[in-house]
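> For the sequence shown, the positions run 816 to 1313 when our numbering is used.
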Amino acid sequence: MQRLGEECQLKRHPRHLIKPFCSFKILLETLLRCCPGIRAIYILLREKRGLQPECRKEHIFKKQIFNKLREKQADIFNKVHVIPGDVTMPRMGMSQENFLKVIREVTVVFHVAASISFIKPLKFMLSHNAKALDYVIDFCKELKKIDALVYTSTAYSNSNRKEEVEEQIYRLPFPAQRFLDELNKDSDDGLNYLVSHCLPKWPNHYTFSKCLSENIILDKAAGIPVAIVRPSIIVSCWKGIRPGYIEEGSGMVDLALAIGKGFVRVLHGNPDVKMDIVPVDVVANTHIAAAWSVASGRSTSPLVINCTSGDVTETTLQNYTSTLFDMSEKYPVPKAFQKQSVTIQKYLLPYWLLSFFEHYAPAVVIDALLTITGRKPKLFKLYRFYEKAMDSVGYFLTYEWKFHTENFKNLERQLDHEDKENLYMDLQGFSVKEIAATIPIGAPLYQWEADSKKMTERKRVTHLRYMFTSCIKAVVLGLVLSIMYVLFTSVFRILAVY
């Protein structure tokens, strides 16, 4: 690994959207801490919410994950340079001056940017994920020297298969370029035709965009040493300098947080389905090791790695939610809405009925009270957004896959003893209970400074809200039963007449 640090500079392409896979902050911290031979790291950042890229860099390095580096090696951040740009644009939106600079200096590219949404339109997702990767590949071909391109995909890029997923790229029935050509047209008819003939259907546009992206690599990245890392469900840091660290906006972490806050009380899924979870620090380590492996020729390109836990962690959805529930009971979540409770329903009808009583009935009443008091109603809209997301997320909480991990295990075997200590990938001993125990200590979402109320006061408020919503549900249930009674008695009276 020292060889890669000495011979290669690294370029990053983070883009701030939802990141359920590899958090680039963890990857960036690991590169700075474990690869001292790196001379420079370039991160591509776009303007966001009025914040210029350089300001965003300062905001990034204020994160808790960088605390130890700030204390011991504050000058190490001088290695990191911001390049304003946008990965969804040709030449990734870089100025001519910056473009000429990076193609001269950069030798390793980590492409971890992605639009991760289960509800965005097809064309949006393919443009922001697949087409963006095409621009990255074009950029790599311009580099004076390219040692490695590491692309973050997902273990669920072939989730339409509902079977074993090997560490290989599965071919679509059409060349990748046909999809890219259709993306450039105003009409969506051609694109919809192509996608409709890709069977079996994918559960959402995000997973299909990742499968297409892998096909783009196969078709267009010849001559570039490429590694594709496919993480499964990412959870908080396992080891490293801050066990338990994870940020909001990270897929299942957001769902777990919503459960812990008492907002989500009903899940659509199979309680007995196996959850394939992997720590975010292991995912980051896999990216770095994969770059080294393909750059040094130890692995052939494209190297596909299913970064999954496989049979190491036998964690079911029921066990996962129960563990989070126990954690929230012991360590209440700041800014909690009400006392937490969650029910998992495999079938849609009971799920919808429970959602009506647990989510929508209280939401309508609370929003009405907010409107009366002159405040903006928002609870019903939040539940509608959650419902749309669950339409796709429920698929992953209902089925399970067997992921082959030969390449993943072989990558770990390629490292020497010291690198195995720093870039650990062996998941033996990893468990959801161990992760849950470290989240209240290491995760920023457990910072009580961000809550206007102290823990004891928050507990009192959440209990009162729980009692209030319980009363609402009792009244609604009483009304529903009364209406049903009136209807049935009316029907029986009519039938009795005849």
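Glycine included, C-beta positions come from ideal geometry on N, C-alpha and C. Source: prediction; values computed, not measured.
#1: What three-state label does DSSP hand residue 1147 in the structure shown?
#2: In whole angstroms, what is the alpha-carbon distance linking residue 984 and residue 1029?
#3: What would DSSP say about residue 906, mapped onto helix, strand or coil?
#4: I need the DSSP call for residue 1058, collapsed to helix, strand or coil.
#5: Shortest alpha-carbon distance to residue 1027 belongs to which of 1278, 962, 943 and 963?
#6: What is the C-beta distance between residue 1119 and residue 1043, in whole angstroms, given that I count them as a contact (C-beta under 8 Å)?
#7: What is the rounded straight-line gap between the Cα of residue 915 and the Cα of residue 1115?
#8: I'd like to confirm the pairing. Which residues does DSSP put opposite residue 1278 in its beta bridges?
#9: Using DSSP with H/G/I as helix, E/B as strand and the rest coil, what is residue 1242?
#10: What does a CB cutoff of less than 8 Å around residue 837 pick up in its chain, not counting 5 residues either side in sequence?
#11: Keeping to the same chain, check which residues put their C-beta closer than 6 Å to that of residue 901; ignore five residues upstream and five downstream.
#12: Mapping DSSP to helix, strand and coil, what is residue 1308?
#13: Are the Cβ atoms of residue 1073 and residue 1079 separated by less than 8 Å?
#14: Which residues bound the alpha helix (DSSP H) around residue 1177?
#15: With DSSP run on the structure shown, which of helix, strand or coil describes residue 1012?
#16: Using CA coordinates, which residue listed in 1235, 1092 and 1022 is at the minimum distance from residue 1225?
#17: Would you list, in sequence order, the uninterrupted beta strand (DSSP E) runs of no fewer than 3 residues that lie entirely inside the segment 827–899?
#18: Taking DSSP as the reference, what is the three-state secondary structure of residue 1158?
#19: For the structure I just gave you, are there three or more beta carbon pairs, one from the segment 963–979 and one from the segment 948–955, closer than 8 Å?
#20: Three-state secondary structure (DSSP) at residue 1152?
#21: So what does residue 967 bridge to, in DSSP terms?
#22: Could you tell me how far apart the beta carbons of residue 1160 and residue 1083 are, in whole angstroms, since I believe they sit closer than 8 Å?
#23: Applying the 10 Å Cβ sphere with the 16-neighbour rule, what's the burial state of residue 1308?
#24: Just the Cα atoms here: how many angstroms apart are residue 1085 and residue 1205?
#25: Locate the beta strand (DSSP E) running through residue 1094, then write down its first and last residues.
#26: Please classify residue 851 as buried or exposed, where buried requires at least 16 other C-beta atoms within 10 Å of its C-beta.
#27: On the DSSP bridge assignment, give the partners of residue 1049 in chain order.
#28: Compare the beta carbon distance of residue 1247 and residue 1158 with 8 Å and say whether it is the shorter of the two.
#29: With a cut-off of 8 Å on the beta carbons, I'd call residue 1176 and residue 1291 a contact; round off their distance for me.
#30: Taking 7 Å as the limit between beta carbons, can you name the residues of its chain near residue 876, skipping five residues before and five after?
Taking the coordinates as given:
#1: Three-state result, residue 1147: coil.
#2: Those two C-alpha atoms are separated by around 6 Å.
#3: In the structure shown, residue 906 adopts helical secondary structure according to DSSP, grouped into three states.
#4: Annotated three-state conformation of residue 1058 is coil, per DSSP.
#5: It is 943 whose Cα lies nearest to the Cα of residue 1027.
#6: Right, their Cβ atoms sit about 5 Å apart.
#7: So the alpha carbons of these two residues sit roughly 29 Å apart.
#8: Paired residue(s): none; residue 1278 is not in a bridge.
#9: Residue 1242 carries a coil assignment under DSSP once its states are collapsed to helix, strand and coil.
#10: Below a pLDDT of 50, predicted positions are generally treated as unreliable, and residue 837, at 42, falls in that range; the measurement from the model is reported next regardless. For residue 837, where only same-chain residues beyond five positions count, the Cβ hits under 8 Å are 927, 967, 1044, 1046, 1049, 1095, 1098, 1099 and 1102.
#11: A distance below 6 Å between beta-carbons, with the five flanking residues on each side excluded, links residue 901 to the following residues of its chain, in chain order: 861 and 908.
#12: Residue 1308: helix per DSSP, three-state reduction.
#13: The answer is yes: Cβ separation under 8 Å.
#14: Element bounds for residue 1177: 1176–1187.
#15: Secondary structure at residue 1012: coil, using DSSP grouped into helix, strand and coil.
#16: Checking every option, the nearest Cα to that of residue 1225 belongs to 1235.
#17: Listed in chain order, the complete beta strand (DSSP E) runs (minimum 3 residues) inside the segment 827–899 are 856–860 and 895–899.
#18: When secondary structure is reduced to three states using DSSP, residue 1158 falls in the strand class.
#19: The segment 963–979 and the segment 948–955 touch, with no fewer than 3 CB-CB distances between them shorter than 8 Å.
#20: Looking at residue 1152 - three-state DSSP - the assignment turns out to be coil, as it is neither helix nor strand.
#21: According to DSSP, residue 967 bridges with 1044.
#22: With 8 Å as the limit, residue 1160 and residue 1083 qualify as a contact, their Cβ atoms being about 6 Å apart.
#23: With fewer than 16 other Cβ atoms within 10 Å, it is exposed.
#24: The alpha-carbon atoms of residue 1085 and residue 1205 are separated by roughly 13 Å.
#25: From DSSP, the beta strand (DSSP E) with residue 1094 extends over 1092–1094.
#26: The residue in question, residue 851, is exposed, as its Cβ has fewer than 16 Cβ neighbours within 10 Å.
#27: Its beta-bridge partners are 1093.
#28: No, Cβ-Cβ distance for residue 1247 and residue 1158 is not below 8 Å.
#29: That pair is a contact at about 4 Å.
#30: Within the same chain, residue 876 has close Cβ partners 892.
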